[in-house]
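Quick notes on the structure that follows.
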Amino acid sequence: MRMRKRKLLYPVLLLLLMLVLSGCGSGNVNNGSGSSIGGEGIRAEQDEYKGEEEIPSFEKLNGTSQANEATASEDGNEQEESQLWSLPGREDLEPVTDMAEMFASAQEDAYQPFRDPEKSFCWNLEGYAAPVLLQSTGTCETYSAVTCMNVNYQITHHEPAIIDPLELLNRFYVADPDDPDSGEGEYIKAGNPNDYGSNLSGMVFAFASDPYDGFLLKDLSIRKRNLDAGDEPFSPEEVKEVIKNCGPVQTSFSWDHDKCAHGLYTMSASRPVNHWVAIVGWDDDFLAEYFATEPKTNGAWLIQNSRSKSWGNSGYAWVPYEFPVRNIVTSAVTKDYAQAVSSGKNPNIGVKAKDAQESAAATIFHKEGNLGGVGFYVEPLSADIPVAVTVEIHDGEFGDLLASANTTVECAGYHVIEFEKQLPVTDFTVVLKVKNGAIVTEGSSYYYEAARMRMTEYGYMEGKIGAIVHTDPGTSYYLVDGKWLDATDKELLTEYESELLPPGNELTCLGEPTLVALFK
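Per the working numbering, the very first residue in the sequence shown carries number 827; after that it's consecutive.
Quick look at the structure:
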């Protein structure tokens, strides 16, 4: 790419000329307006041309978030800083939205992606992108989810979302099995949160009812195919449709690239599935010959990794369409709600009423405010039949009906149903009715040592992990033959079918359903 070499020479020659004209070599040259042109601009151009950077330290890339500051312009109006991403230690991590920067290391004879708009697309080139960060050992699922959240918010609100993945991760492992007064949540007995990372249901626990810098989780849609059971993977057309409608999607691919052809980095379809990434775009004409194991046809996904810009092409790489896409996860955040109160914070179990077309659960809340919506977690019983969902708000404990709303859900996960008008409440009951689906609950406390693996520098080791769950009588209920039974009632274990996650633990009660009351 000769254009970038010429681009680099221009500021260098200009600076030398200015130094000569000034008659000195002081290193900073006044430009006549009180500012100066010095070594920083030259260094930035050199780094851009090189197309790579040193892997930053973990501490440098992973700090606690802070809001963007506003600066006053010359005319007195407030403007946002030019840096969209202002997490401490991340000020230099601008999102990549320029193809020349993304593929700066590509050789002159390399294939030029995204040349045909009818056959290619990339959210970065549309101006919507999240910075490429450096994850810790086992946190790819959290980091890729945050990438999708950040970009989705930009697309829908035309302003950046600044969400720190480690903040969400640190919210997840909060329980202490040695403390009788510990709160609910998962805990680990060996290692630390960076070894394990989070999981998709953990995002609900961490982010659905506890605002982060004003943000709350609004949607976590999980589309999945069980290839071991004979399901077909998602077709390229299905994946493209979701990306176009929802922004970048999260999916599981491989950990590392395995070939660099003409300066373009690729991963083959034969690589094992062991890593989560975000798909940000595609090109139907990307050459099959660039892959180590050559696919039958051209066409590839552009994925954004979380291993810093020094990995691949500025943090990106190509994956052939032949790689079997077995899951498509989209996520979205919102600032529409000021407060939230939840039950069933640790969703783990899908339950449905036996011999009944409809399952129903309810939770009694004690919170004064203007109710604007309700979040819930459901699981479809069939990939071909949408889940019909009804949410009712009753006064007090199963009192008069104050409001109701209906929706249909095609994907498993956490979703929000909004009311047309704000509803003033004090003590109220949220009733969730579900057809063709399972209600996801927190179940009961559990512990296991091998169901989740933790990664260390020496490889994978057995995990030691558990969860503490508290279900108080008189809080949540499930409907059986027209009668509401308390969530702690053991009769429910014979009246509701359940898929216990993880296996091997005794279910002592259904636990609270995952319901979140959202207040304006």
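Cβ coordinates follow ideal geometry from the N, Cα and C atoms, glycine included. What you are looking at is a predicted structure, and each value in this text was computed from that prediction instead of being measured.
Item: Segment contact, 8 Å Cβ cut-off, at least three pairs: the stretch 1229-1249 with the stretch 1040-1050; Value: yes
Item: Among 1043, 1024 and 1030, nearest to residue 1268 - alpha-carbon criterion; Value: 1030
Item: Buried versus exposed, by CB contacts within 10 Å (16 or more), residue 1188; Value: buried
Item: Separation of residue 1042 from residue 1346, as counted between CA atoms; Value: 12 Å
Item: Three-state class that DSSP yields for residue 1066 in the structure shown; Value: helix
Item: Rounded straight-line distance, which links the Cα of residue 1222 to that of residue 1248; Value: 17 Å
Item: Contact belief for residue 1132 with residue 966 at Cβ below 8 Å, rounded distance in angstroms; Value: 6 Å
Item: Between the CA atoms of residue 1260 and residue 1230 - distance to the nearest angstrom; Value: 13 Å
Item: Local conformation of residue 980 per DSSP, three classes; Value: helix
Item: Rounded C-alpha distance that separates residue 1122 from residue 1263; Value: 39 Å
Item: Buried/exposed call for residue 1347, threshold 16 Cβ in 10 Å; Value: Beyond the ends of the chain as shown, which are 827 and 1346, falls residue 1347; an answer cannot be given.
Item: Selection from 1033, 1270 and 1225 that minimises the alpha carbon distance to residue 1256; Value: 1225
Item: For residue 1236 and residue 1211, the rounded distance between their alpha carbons; Value: 7 Å
Item: Touch test, the stretch 1054-1070 against the stretch 992-1012, Cβ-Cβ under 8 Å, three pairs minimum; Value: no
Item: Segment contact flag, the stretch 1089-1097 with the stretch 1031-1039, C-beta cutoff 8 Å, min 3 pairs; Value: no
Item: Residue 925 versus residue 1118 - alpha carbon distance; Value: 23 Å
Item: Closest Cα partner of residue 1354 within the set 1067, 1233 and 1154; Value: There is no way to answer for residue 1354, as the model of the chain reaches only from 827 to 1346.
Item: Inside the stretch 931-1017 only - beta strand (DSSP E) runs reaching at least 3 residues; Value: 946-948 and 1011-1014
Item: Cβ-based burial, residue 1083 [other Cβ within 10 Å; buried from 16]; Value: buried
Item: Cα-Cα separation, residue 1341 to residue 1217; Value: 10 Å
Item: Inter-residue spacing [alpha-carbon to alpha-carbon] between residue 878 and residue 950; Value: Low confidence applies here, because residue 878 scores a pLDDT of 28, under 50, leaving its location unreliable; read the following figure in that light. Cα-Cα distance, rounded: 18 Å.
Item: Inter-stretch contact at 8 Å, needing at least 3 Cβ pairs: the stretch 969-978 / the stretch 951-960; Value: yes
Item: Where the alpha helix (DSSP H) containing residue 1022 begins and where it ends; Value: 1019-1022
Item: CA nearest to the CA of residue 1006, picked from 943, 1296, 1200 and 1301; Value: 1296
Item: Sequence-distant residues of its chain with Cβ nearer than 7 Å to residue 1253 (five each side left out); Value: 1192 and 1222
Item: Contact test: residue 1181 Cβ vs the ligand FMN heavy atom, cutoff 7 Å; Value: As far as ligands go, the structure on display features none, and thus does not contain the ligand FMN.
Item: Minimum length 3: unbroken beta strand (DSSP E) runs contained in the stretch 1200-1267; Value: 1213-1221, 1227-1235, 1238-1261 and 1263-1267
Item: Endpoints, beta strand (DSSP E) assigned at residue 1031; Value: Where residue 1031 is concerned, there is no enclosing beta strand (DSSP E), although the alpha helix (DSSP H) it sits in stretches over 1026-1033.
Item: Residues of its chain near residue 1338, where Cβ-Cβ distance is below 7 Å and the 5 sequence neighbours each way are ignored; Value: 1169, 1170, 1189, 1267, 1268, 1297, 1301, 1302 and 1313
Item: Any 3 or more C-beta pairs closer than 8 Å across the stretch 925-934 and the stretch 1134-1147; Value: yes
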